[in-house]
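*Asks:* Counted from 1, the sequence shown has number 405 at position 1 by the working numbering; the numbering is strictly sequential. What follows is a structure written as structure tokens; I'll ask about it next.
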Amino acid sequence: TDIPAYAGKLTNDPGLEEIAWKCIALFYGRMEKVFVLSDSYKKKLVARGIAREKIRTFIKGIDTDFFRPGRNADSLRKKWNLQDKTVLLFVGRISKEKDLEILVESFLRIKENYPDAVLAMVGDGPYLKELQKEYGWRDDIILPGFIEGEELANWYNCADIFTFPSTTDTYGTVLLEAQASGLPAVVSDQGGPKEVIVDGQTGIVTRGGNARSFTAGILSLLEDKELRRKMADRARSHVKNK
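Below is the structure:
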């Protein structure tokens, strides 16, 4: 967990973020080994004075037999009226440090040209009630709460594009799940997620915290169905061979 980034995002206090970094550096500096999930965070720790030789990369994995294309998600589509809809999906903690305001802003821009688009944000967290209050009246923004197991796997199969704007994630296991399910992903260039996909092959990397860039990334996939299909195939292969 990127505790300093969370501290900065949730409090809007750069000073508190800096204090958190000093605590993290002091703590990790006393360890014999430090395991990180991505090269981005290895570089961050080295920049904060942690000896490079202490740091190891820990590779995560998922069950690619469970998360796979071709599941029967018809009942889920019917439940949420997703037939003939273009579904953008986010899965994760519903909290402000995930940059969900960027996702919503991008979605509302996309609706101007794609009125059949639907945004589903699957998960729970402190930002959920605020989103429900502001957008709960809309039938094109779905907030089903925390979901796991078969139903979660079916959500990936319901979707057309996985959208993950977070700039604070150290990795992004949901990106493995999405790609294994045959979903191209749009991510930010900050943090670990950009290392989980292959830019231009299994998804699109956009400028972190920039709604215009994130919107453009999604539109590039919406406008080119053949590119989306190729990325979906490559995404599955990428995760199985990762």
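A virtual CB, placed ideally from N, CA and C, is assigned to each residue, including glycine. From a predicted model like this one, the values you see are computed outputs, not experimental measurements.
1. Starting from F618 and walking both ways along the alpha helix (DSSP H), at which residues does that stretch end?
2. Are three or more beta carbon pairs between the region 454-470 and the region 434-445 nearer than 8 Å?
3. Assuming the contact rule is C-beta atoms closer than 8 Å, P569 and S592 should be a hit. Round their C-beta distance to whole Å, please.
4. Taking only runs of the beta strand (DSSP E) that begin and end inside the region 537-607, which ones reach a length of at least 3 residues, in chain order?
5. If you draw a straight line from the C-alpha of V522 to the C-alpha of R633, how long is it?
6. With a cut-off of 8 Å on the beta carbons, I'd call M635 and T610 a contact; round off their distance for me.
7. Expressed to the nearest angstrom, what Euclidean distance is found between the alpha-carbon atoms of G433 and P418?
8. Assuming the contact rule is C-beta atoms closer than 8 Å, I565 and L492 should be a hit. Round their C-beta distance to whole Å, please.
9. Please find out if some non-hydrogen atom of the ligand PLP comes closer than 6 Å to the beta-carbon of R456.
10. Runs of 3 residues minimum, wholly inside the region 407-478: which ones carry the beta strand (DSSP E) assignment?
11. So L507 is in the alpha helix (DSSP H); what residue range does that whole segment cover?
12. Let's test the definition: count the other Cβ atoms within 10 Å of the Cβ of C427 and tell me whether it reaches 16, buried, or not, exposed.
13. Say whether the region 593-604 touches the region 482-491, bearing in mind that this needs 3 or more beta-carbon pairs closer than 8 Å, one atom from each stretch.
14. Taking the alpha-carbon of K482 as reference, which of T567, N416, W559 has the nearest alpha-carbon?
15. Please state if the CB of G621 and the CB of V590 are separated by a distance shorter than 7 Å.
16. Can you tell me whether DSSP reads L486 as helix, strand or coil?
17. Name the two residues that bound the continuous alpha helix (DSSP H) containing E501.
18. For the alpha helix (DSSP H) containing R632, list its first residue and its last residue.
19. For R616 and S510, what's the separation of their Cα atoms in angstroms?
20. Is the beta carbon of P548 closer than 7 Å to that of V578?
21. Among residues of its own chain, excluding the 5 on either side of P530, which ones have a beta-carbon nearer than 7 Å to its beta-carbon?
*Replies:* Result, derived from the coordinates:
1. 615-626
2. Contact between the region 454-470 and the region 434-445 is present, because at least three Cβ pairs lie under 8 Å.
3. 6 Å
4. Entirely contained in the region 537-607, the beta strand (DSSP E) runs reaching 3 residues are, in chain order, 545-549, 565-568, 589-592.
5. 19 Å
6. Their Cβ separation, rounded to whole angstroms, is 15 Å, which puts M635 and T610 out of contact at 8 Å.
7. 22 Å
8. 5 Å
9. You won't find the ligand PLP in this model; it holds no ligand whatsoever.
10. 438-440, 459-461
11. 504-514
12. exposed
13. no
14. With distances taken between Cα atoms, K482 lies closest to W559.
15. yes
16. coil
17. For E501, no alpha helix (DSSP H) encloses it, and the DSSP letter there is neither H nor E.
18. 629-645
19. 7 Å
20. Note that the C-beta distance between V578 and P548 is not below 7 Å.
21. S499
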